[in-house]
Every structure is written in structure tokens, then in C-alpha cells.
Amino acid sequence: MNVSRRSFLRAGGGSAALLVTAGCDQLPREVRGLFQQAKSDGPFQPPAAGEIDPVTHVLNRVASGPRPGEYERIRKLGATPDEAAAAYLERQLNPETIDDEESDYAVRRFETLNEPLGELFEYQEELLQNELMRGTLTRAVWSERQLYESMVQFWSDHFNIDPSKGDCKWLKVADDREVIRKHALGKFPDMLRASALSPAMLWYLDGRVNRRENMAEKPNENYARELMELHTLGVHGGYTQKDVMEVARCLT
């Protein structure tokens, strides 16, 4: 069923009509234009987008948004906005050259983030998860290595581990440090291998129980399926159920 803009507006009731009529003069010019188009049955003409500022764009995409004074600081990196944005991005691609002392100092109070794997079980699970969350947020806000922190968030989502499952409550802290942060701007095969061997991932996707103790037992395919479907090839990646089972068998 085709619905015209006029019919849709009428169906919206008095509130929409009020915006178009009585309150229209108080709306910005661009918004008034959209409402006037909504009253007609003609084709919709979206407003033209304004010019995108490269520095603002790179801060919104690469970083967690600009902090006070950061736009002006980055703008000075180049003669033009394009050059400034390119210089900022080049710097972000080499995080080891960026002094991040302020951020390092801010997260120093979260002691569990640097504890050896075996020591993590000495802490309450609530403390571990709280410090991991607060440490991540603190770094996102204070770190000068903004691209690195954005990639940490990206890979944490890609190699997702629910810390509420079993020993993941304790193991996820080590996974964040030894897998995600260690390889956030490195080579994907290295991160994939590190994730496959991560105690947290082995627990979360049942790799720890993928063993054959008798001839009648089949491999646990949970991690193998996630490896192919989510971590690498995708849902329609051209593999079959037999492929999944063979990968699971290789990983026993």
C-alpha cells in the first residue's frame, strides 16, 4: 500500500499538524523546509550536506571524539585541514611513538589489569570486571593513542567473550591484555592464533572440552563454528558442516 506524505501526516494526529502550522515559524529554516515538503505529494528532496571538515571527521571516526582544545592542536599539524588530518592519522598508526604517560598514570590504580594470569583467581570477580570496564573507559577518555583504543574496542567486539560464563570472569582480564591489546594494531593471523589459544576463549567456546576420550565421541564444534562464521569467513563463507567438523577435529 502506497502512503503519501499528506496521508502519513494526517495519520500522525494533531501533534504533527501543530509542528507544521502553529509552531513552524519557530523552527530552523532547514526543518521548516522539510515540513513543507511533507505537506506535498511531490518527490522528497533531501537537504544538501555541508562540507565535511577532515579534522573533525578523523576525530569522530578514529578517536572517541574531540576533547577541549584538541581540534585546534591537531589543526596545527598541517597547512590545510587535509594535511593536518593526514598527519594526525599517521601519528596514530605508530602508537609506540606517542607519549601516553597521563593515561598510564590514570589506569595505574586498577591493579588487577597487570596481574599474572594465575593471580587473577585470588580476586573477587566483581572487582575484576569493574576494573576492566573502568580501565577501558579511562583509556578511551585520556589516552593519546586514540586509534589504538578504538581498535581495542573493535577487536574486543569481534572476538567477543562474555565474562559471566564460568572462569571467563577471571580469565577475560588476561585476554584483554595478552590478546586484544597486544595485537590491536598488529597482524590479524597473529591475533587469531592468540585468541584460539587464549584460556578465556577456550573456556567461553568450549575448546577446553573438545577432546575425544572414546571412539564414539564427536568433537565439540562450538569454537570451530564461531571461528569460521564470526572470526574469519563469515556466515556465508562457502564452507560446509563437514568443514566445521573437520576444523573441530583438528582442534581437539
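For the sequence shown, my numbering assigns the number 1402 to the initial residue and increments by one for each residue that follows. Glycine included, each C-beta is placed from N, C-alpha and C at the ideal position.
Rounded straight-line distance, which links the Cα of residue j to that of residue i
i	j	result
S1504	T1641	46 angstroms
D1483	T1633	34 angstroms
A1486	H1559	27 angstroms
D1644	P1590	20 angstroms
L1631	T1653	20 angstroms
S1565	V1456	39 angstroms
T1481	L1460	16 angstroms
F1555	K1619	34 angstroms
V1610	M1602	12 angstroms
L1490	G1443	44 angstroms
R1613	D1577	30 angstroms
D1568	L1533	15 angstroms
L1593	N1531	26 angstroms
S1544	R1510	15 angstroms
V1542	E1647	44 angstroms
G1638	M1629	8 angstroms
Y1472	L1478	10 angstroms
Residue burial classification, residue i (beta-carbon count within 10 angstroms, cutoff 16)
i	result
Y1506	exposed
T1513	buried
K1570	buried
E1452	exposed
V1636	exposed
R1582	buried
L1572	buried
Test item: CB-CB of residue i and residue j under 7 angstroms
i	j	result
G1536	V1574	no
S1394	V1580	Because residue 1394 is not part of the residues shown, which for the chain are 1402 to 1653, the question remains open.
I1499	R1546	yes
Residue-chain proximity (residue i, chain D), Cβ-Cβ < 7 angstroms
i	result
F1589	Any reference to chain D falls outside this structure, which holds one protein chain only.
Proximity test, residue i beta-carbon vs the ligand MN heavy atom, cut-off 6 angstroms
i	result
Y1489	The model depicted lacks the ligand MN and carries no ligand whatsoever.
message = For the stretch 1544–1555 against the stretch 1452–1472, do three or more pairs of beta-carbon atoms, one drawn from each stretch, fall closer than 8 angstroms, so that the two count as touching?
response = yes
ask   = Three or more C-beta pairs closer than 8 angstroms, one from the stretch 1592–1609 and one from the stretch 1619–1633: is that the case here?
value = yes
ask   = Can at least three beta-carbon pairs, one atom from the stretch 1516–1536 and one from the stretch 1486–1503, be found at a separation below 8 angstroms?
value = no
inquiry  = Is it the case that the stretch 1524–1534 contacts the stretch 1486–1500, given that we only count it when at least three CB pairs across the two stretches are under 8 angstroms?
reply    = no
inquiry  = What ranges does the alpha helix (DSSP H) occupy inside the stretch 1537–1588, keeping only unbroken runs of at least 4 residues that lie completely in it?
reply    = 1547–1559 and 1569–1576
ask   = What runs of the alpha helix (DSSP H), each 4 residues or longer, lie entirely inside the stretch 1461–1524?
value = 1471–1476, 1482–1493 and 1502–1508
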